[in-house]
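Order-wise, the sequence lines are chains E and L. Residue 27 in the UniProt record's numbering is what sits at position 27 of the first sequence, and the numbering runs on without skipping anything. Residue 144 in the UniProt record's numbering is what sits at position 144 of the second sequence, and the numbering runs on without skipping anything. Report on the following structure.
There are 2 protein chains.
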Amino acid sequence: MSDSHAIASDLKRSDLARLTGCNLETIRYYENVGLMPDPPRTASGHRRYGAPHVERLNFVMRARDLGFTMEEIRGLLSLVDRGSHTCAEVERMGRHHLDVVRAKIRDLQMIEAVLAGTIARCTGTDTPDCPLLDVLSEGQAVPERVARTSE
Amino acid sequence: MSDSHAIASDLKRSDLARLTGCNLETIRYYENVGLMPDPPRTASGHRRYGAPHVERLNFVMRARDLGFTMEEIRGLLSLVDRGSHTCAEVERMGRHHLDVVRAKIRDLQMIEAVLAGTIARCTGTDTPDCPLLDVLSEGQAVPERVARTSE
DNA sequence: CCTTGATCCTGTAGTTGCTACAGATCCTAT
DNA sequence: ATAGGATCTGTAGCAACTACAGGATCAAGG
Chain E
1 MSDSHAIASD
11 LKRSDLARLT
21 GCNLETIRYY
31 ENVGLMPDPP
41 RTASGHRRYG
51 APHVERLNFV
61 MRARDLGFTM
71 EEIRGLLSLV
81 DRGSHTCAEV
91 ERMGRHHLDV
101 VRAKIRDLQM
111 IEAVLAGTIA
121 RCTGTDTPDC
131 PLLDVLSEGQ
141 AVPERVARTS
151 E
Chain L
1 MSDSHAIASD
11 LKRSDLARLT
21 GCNLETIRYY
31 ENVGLMPDPP
41 RTASGHRRYG
51 APHVERLNFV
61 MRARDLGFTM
71 EEIRGLLSLV
81 DRGSHTCAEV
91 ERMGRHHLDV
101 VRAKIRDLQM
111 IEAVLAGTIA
121 RCTGTDTPDC
131 PLLDVLSEGQ
141 AVPERVARTS
151 E
């Protein structure tokens, strides 16, 4: 590998934010909650980041984009950091998360069906009679009322 | 209307919770944030509820079940409370919420596709090589990284 | 009538995943 | 040297609840 355009290894927090697209404050937050390591500091206490921090933050952000919770990401990172992770372990965590995602989709589709079906019966006129209000007032809004996983 | 089995109109907070399935504390919370009206009190300050409160709380809970935000529910309730609402107004709010729900579904389906497609390539063995880690490390996790509406 | 235990009251803290602000310090360029 | 940006810290705020502590009150049994 040439060093023709190596990533500068003396990044300020604002540089890291710019390179990753992460919010400036969120970087500090991830540090506080243990998703990012404590970076080295200059004599006056300013954080200095390098290429590994860029990678780590990208990892965290991609995991968040995929809907992993911070707890799950901590789990993934500790697997990787341990240095002896296996694909099986990672896959297990991924599958669990996939189950959660699919459950959310199902819940939202139930909501969509009720909403769409109800609104389709709306007249859109000035009458106070409204199927949606009827559902909210009397109907069983969503067949299984268990928890609100879908939010 | 007979009073053979009219809903008792002298309900304690615990009764309202039991009748609706709502958490006891949540009732007070809804009162604080204006989703439930301040109920009458006994001389010693205990809340007393009646049938209208049961209906109102059921309305709020069904709306929450359908994923309406508290802000939206406040809007729906103020329409209804105003006494001069129209189906068109309610429908408009419902349609807007339906759009939000559908956007969430789409976002989650993108996540599902990436996750499922990636995990399908997992070997499930003891190797550290893992497609999911590859996606998190290098991939563009979810094509459009805009906001996280789907949570 | 009195006690005991259940219920009720209030305010407040915790949850998740950030985001934003205030006030102090520091860095950089002129 | 100084002005104005950037950084530092702690903390508060968002949604939508849930739970707890400490005190007051109610209801039933003795």
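C-beta: ideal position from N, C-alpha, C; glycine also. Predicted model, so just to flag it, every value in this text is computed and none were measured.
Buried is the label assigned to residue 65 of chain E, since at least 16 other Cβ atoms lie within 10 Å of its Cβ. Annotation for residue 102 of chain E: no residue places its beta carbon closer than 6 Å to its own, counting only its chain and skipping 5 residues before and after. In summary, residue 62 of chain L is buried, with 16 or more beta-carbon neighbours lying within 10 Å of its beta-carbon over all protein chains present.
If only complete runs of 4 or more residues are kept, the stretch 107-145 of chain E shows the alpha helix (DSSP H) at 131-137, in order along the chain. Taking 8 Å as the CB threshold, residue 105 of chain E lines the interface with chain L. For the 8 Å CB-CB criterion, residue 90 of chain L and residue 115 of chain E do not form a contact. Within the stretch 31-112 of chain E, the alpha helix (DSSP H) runs of at least 4 residues that lie entirely inside it are, in chain order, 51-65 and 70-82. Within the same chain, no residue comes within 8 Å of residue 109 of chain E by CB-CB distance, once the 5 residues on both sides are set aside. Think of a sphere of 9 Å around the beta carbon of residue 50 of chain E: no beta carbon from chain L falls inside it, the nearest being about 16 Å out. Residues of chain E whose Cβ lies closer than 7 Å to the Cβ of residue 111 of chain L are, in chain order, 66, 67 and 101.
Against chain L, the CB of residue 11 of chain E has no partner CB under 8 Å away; the residue lies outside that interface.
Under the 8 Å criterion on CB atoms, residue 25 of chain L is classed as non-interfacial with respect to chain E. Across the set E:47, E:97 and E:77, the C-alpha of E:97 shows the shortest separation from the C-alpha of residue 119 of chain L. Under DSSP, residue 11 of chain E takes part in a beta bridge, and its partners are E:49.
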